[in-house]
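These protein sequences, in sequence, are chains A and B.
Here our numbering is used: the first residue of the first sequence is 14, the next is one more, and so on.
Here our numbering is used: the first residue of the second sequence is 3, the next is one more, and so on.
Here's the structure we're looking at; comments come further down.
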Amino acid sequence: MRLLASLASLVVLLFAASLMIGPAGLGFGESLAALFRGEGGPVALVMQQIRLPRAILGLLAGAALGLSGAAMQGFLRNPLAEPGLIGVSSSAALGAVIALQTGLAAAFALALPLAALAGAAGACLLILLMAGPRGGALALILAGIAISALAGAATSLVLNLSPNPFAAAEIVYWMMGSLADRSMTHVWLAAPFILAGGAALFTLGRGLDALTLGEDAAESLGMNLRRMRLVLIFGTAAGVGASVAVAGAIGFVGLVVPHLLRPLTGARPSRLLPAAALGGAAVLLAADIATRLIAPERDLKLGVLTAIIGAPFFLHLIWRMRRVEA
Amino acid sequence: MGRAAVFALALLAAMPAWAGPPRRVVSINLCTDQLAMLLAEPGQLISVSDLATDPLASSMIEEARAYPANRGGAEQVFLMHPDLVLAGSYTSQASVALLRDLGVRVVQVAPVDSLAGVSEQIRVIAEALGRAEAGEALVRDFEAGLAALARDLPPATAALYYPNGYTTGKGTLADDVLAYTNFGNVGATAGVTGGGTLPMERLIMADPDVIVTSAPYPGASRSEEILTHPALTELRARAGVVATTDADWICGTPHILRAVAAMRAARDGLEAGE
Numbered sequence: 014m015r016l017l018a019s020l021a022s023l024v025v026l027l028f029a030a031s032l033m034i035g036p037a038g039l040g041f042g043e044s045l046a047a048l049f050r051g052e053g054g055p056v057a058l059v060m061q062q063i064r065l066p067r068a069i070l071g072l073l074a075g076a077a078l079g080l081s082g083a084a085m086q087g088f089l090r091n092p093l094a095e096p097g098l099i100g101v102s103s104s105a106a107l108g109a110v111i112a113l114q115t116g117l118a119a120a121f122a123l124a125l126p127l128a129a130l131a132g133a134a135g136a137c138l139l140i141l142l143m144a145g146p147r148g149g150a151l152a153l154i155l156a157g158i159a160i161s162a163l164a165g166a167a168t169s170l171v172l173n174l175s176p177n178p179f180a181a182a183e184i185v186y187w188m189m190g191s192l193a194d195r196s197m198t199h200v201w202l203a204a205p206f207i208l209a210g211g212a213a214l215f216t217l218g219r220g221l222d223a224l225t226l227g228e229d230a231a232e233s234l235g236m237n238l239r240r241m242r243l244v245l246i247f248g249t250a251a252g253v254g255a256s257v258a259v260a261g262a263i264g265f266v267g268l269v270v271p272h273l274l275r276p277l278t279g280a281r282p283s284r285l286l287p288a289a290a291l292g293g294a295a296v297l298l299a300a301d302i303a304t305r306l307i308a309p310e311r312d313l314k315l316g317v318l319t320a321i322i323g324a325p326f327f328l329h330l331i332w333r334m335r336r337v338e339a
Numbered sequence: 003m004g005r006a007a008v009f010a011l012a013l014l015a016a017m018p019a020w021a022g023p024p025r026r027v028v029s030i031n032l033c034t035d036q037l038a039m040l041l042a043e044p045g046q047l048i049s050v051s052d053l054a055t056d057p058l059a060s061s062m063i064e065e066a067r068a069y070p071a072n073r074g075g076a077e078q079v080f081l082m083h084p085d086l087v088l089a090g091s092y093t094s095q096a097s098v099a100l101l102r103d104l105g106v107r108v109v110q111v112a113p114v115d116s117l118a119g120v121s122e123q124i125r126v127i128a129e130a131l132g133r134a135e136a137g138e139a140l141v142r143d144f145e146a147g148l149a150a151l152a153r154d155l156p157p158a159t160a161a162l163y164y165p166n167g168y169t170t171g172k173g174t175l176a177d178d179v180l181a182y183t184n185f186g187n188v189g190a191t192a193g194v195t196g197g198g199t200l201p202m203e204r205l206i207m208a209d210p211d212v213i214v215t216s217a218p219y220p221g222a223s224r225s226e227e228i229l230t231h232p233a234l235t236e237l238r239a240r241a242g243v244v245a246t247t248d249a250d251w252i253c254g255t256p257h258i259l260r261a262v263a264a265m266r267a268a269r270d271g272l273e274a275g276e
């Protein structure tokens, strides 16, 4: 409980910092008041229409990534399972890009998160088929590399063929993610899916605890693995899909956060899930604040920062696994 | 400018007098395309760039359809046997160098960065085409048109806002259009010289009277989404004057008068609204 409380206060602190930091350089009291003021004024516009949606999306996307990483790792009992690494995020990006470039998203706004969800769900399904319960870490990662490469190539192709000259330059956005200049419209599009996906993943807690004893033990405890798998696919696809649809693919959050928090939760997945959601939100909010502090006018990509921290961590994990296996 | 221009001038000077005006002119730059179409004798211009028929970039798509299009590559252009190639100073450097090596005369012009520069550019192209008189006539029309749009009004503020939060500040043609129509350019005030990005937060805080955005391209892009951001929409609704940049804003040709007229109308609309 103490862990959750301190993580929650960290998230609140970072959320507030995210609201207070920006190129406009507003005063603390002034911006806080503008957040709740009714109408008009440039300060109110900046706070309510630019910074608030950005902070909310950072919170939601980070939570979705951390939570789905923890749930996947628990279900597959594989420490390398992470939506970014195994191609779920890039497949979601492909879905989103197809919805945008076919004009589907312009005709019907929900098509954007739904298409991203479909892409993410497809990748989840493929991964579970390829590297199901009996496949080891190697099969999982190799399948993930193949799916990532394919989805990334298809995304680039769709953007290159777009009649819009800006689209091709946005390949990096879809692969690295950014929260710059998002609006409340994006929050309304993504939030329902992220919340629904998160709620679904939280129901897995008890089942994941049982799974730590092995599949047979879990089934003898009355866990329905088939149902759990469906819930995992839906929850991850909805959460990651909706985040990617509005913020692009942001890697490594779902890998690093559960790993850092696992020792603190007594290695019990049911306790790790809420901690990983809060931790993911904190990491993404912090990364987004960093992009604004380091180079405010350059729109640094979030995925760049998370990868700079996450990739060495990933290498460290592989190193450790190698020593264990040897 | 610089070496390329000096080289072009040297070539001009080196031309023997009996050579006469060029008879097979190929333009590979959007802006020289339009000036050449306005100035060339019938039959003198044999090809313009493919951008000249792009409605989002060119003010003269109808006229341009009458000419075979080129993509600016040295091979394609050389096979048209031109005796003069018109190019921009930043476009297709490699093609220009190759064409010169092959003995083709190339005249390069820098992008126009002020309204005064338009007349200058018209004269340069007219000279190269051997159409100095047509050039002077066009300059007279342009300057008369510009003078007709001059008014003395108290300054208002405007921001030029493009996809990805790009804006143009000091030292650009668009900035001069704003200045001529009594608008202070928010981008220039924010310290942008040439082109640069202006975070949306700072644009909103500058609270400009008019926000001038670009017309969207077909297909979707996140870069252009910023132009329909609710915060921007609200700010534009408050000003009550909507202005959009289009092909007329891109080049320093007499078509820039239409851009000046549009901003003049926006400025007058603002005055009437107050």
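Beta carbons are placed, not taken as given, at the ideal position from N, Cα and C, and that holds for glycine.
- Looking only at R239(A), L32(A), D194(A), G75(A), the smallest Cα-Cα distance to T319(A) is reached by G75(A).
- Among the residues facing chain A, I206(B) is included, as its CB has a counterpart in that chain under 7 angstroms away.
- In its chain, beyond the 5 residues on either side, A112, L117, A118 have a beta carbon closer than 6 angstroms to the beta carbon of A124(A).
- For G248(A), the enclosing alpha helix (DSSP H) covers residues 238 to 260.
- In this chain, the alpha helix (DSSP H) harbouring V262(B) covers 258 to 275.
- Counting other Cβ atoms within 10 Å of its Cβ, G132(A) reaches 16 or more and is therefore classed as buried.
- Shown here, Q110(B) sits in a strand according to DSSP, grouped into three states.
- Residue environment for I158(A): exposed (fewer than 16 other C-beta atoms within 10 angstroms of its C-beta).
- Taking a beta-carbon distance threshold of 7 angstroms, E183(A) counts as an interface residue toward chain B.
- Of the residues V188(B), G197(B), R142(B), the one whose Cα lies closest to the Cα of E203(B) is V188(B).
- About 5 angstroms separates the Cβ atoms of A288(A) and L274(A), confirming a contact at the 8 angstroms cut-off.
- The alpha helix (DSSP H) runs of length 4 or more contained entirely in the region 151 to 176 of chain A do not exist; there are none.
- A direct Cα-Cα distance of roughly 12 angstroms separates L70(A) from Q62(A).
- Straight through space, the alpha carbons of T174(B) and A261(B) are spaced by roughly 14 angstroms.
- For F185(B), the uninterrupted beta strand (DSSP E) segment begins and ends at 185 to 187.
- For V214(B), the enclosing beta strand (DSSP E) covers residues 212 to 216.
- Considered as a whole, the region 30 to 80 of chain B harbours 32 to 41, 63 to 66, 76 to 80 as its complete alpha helix (DSSP H) runs of no fewer than 4 residues, in chain order.
- If you draw a straight line from the Cα of L26(A) to the Cα of D301(A), it is about 14 angstroms long.
- Closest in alpha carbon position to D143(B), among P57(B), Q78(B), G45(B), I124(B), is I124(B).
- Under the DSSP definition of a beta bridge, L88(B) partners with S29(B), V109(B).
- Its Cα nearest to that of A258(A), the residue F206(A) stands out among I154(A), P271(A), F206(A), G82(A).
- Residues of chain B with a Cβ closer than 8 angstroms to the Cβ of S175(A) are, in chain order, G221, A222, S223.
- Identification of chain A residues near D209(B) by a Cβ-Cβ cut-off of 7 angstroms yields P55, ordered along the chain.
- One finds P55, L58 in chain A with Cβ atoms closer than 9 angstroms to the Cβ of L237(B), taken in chain order.
- Take D115(B), set aside five residues on each side of it, and the residues of its chain with a beta-carbon closer than 7 angstroms to its own are G173, T174, L175, in chain order.
- Residue-level contact check: T34(B) does not touch chain A, since none of the beta carbons of chain A fall below 7 angstroms from its beta carbon.
- The beta carbons of G165(A) and M143(A) sit about 18 angstroms from each other, so the pair does not count as a contact at 8 angstroms.
- With a threshold of 16 other beta carbon atoms within 10 Å, T255(B) meets it and is buried.
- The region 198 to 218 of chain A and the region 238 to 256 of chain A touch, with three or more beta-carbon pairs separated by less than 8 angstroms.
- As computed with DSSP, T199(B) is found in a beta bridge with Y168(B).
- E43(A) counts as exposed, since fewer than 16 other C-beta atoms from the protein chains shown sit within 10 angstroms of its C-beta.
- Under the three-pair Cβ rule at 8 angstroms, the region 103 to 112 of chain A does not count as touching the region 226 to 238 of chain A.
- The Cβ atoms of V98(B) and S121(B) lie no closer than 7 angstroms to each other.
- G97(A) and L315(A) have their C-alpha atoms spaced approximately 13 angstroms apart.
- Straight-line spacing of the CA atoms in L148(B) and L117(B) works out to 9 angstroms.
- Following the DSSP letters along the chain, one finds L162(B) inside the beta strand (DSSP E) bounded by residues 158 to 163.
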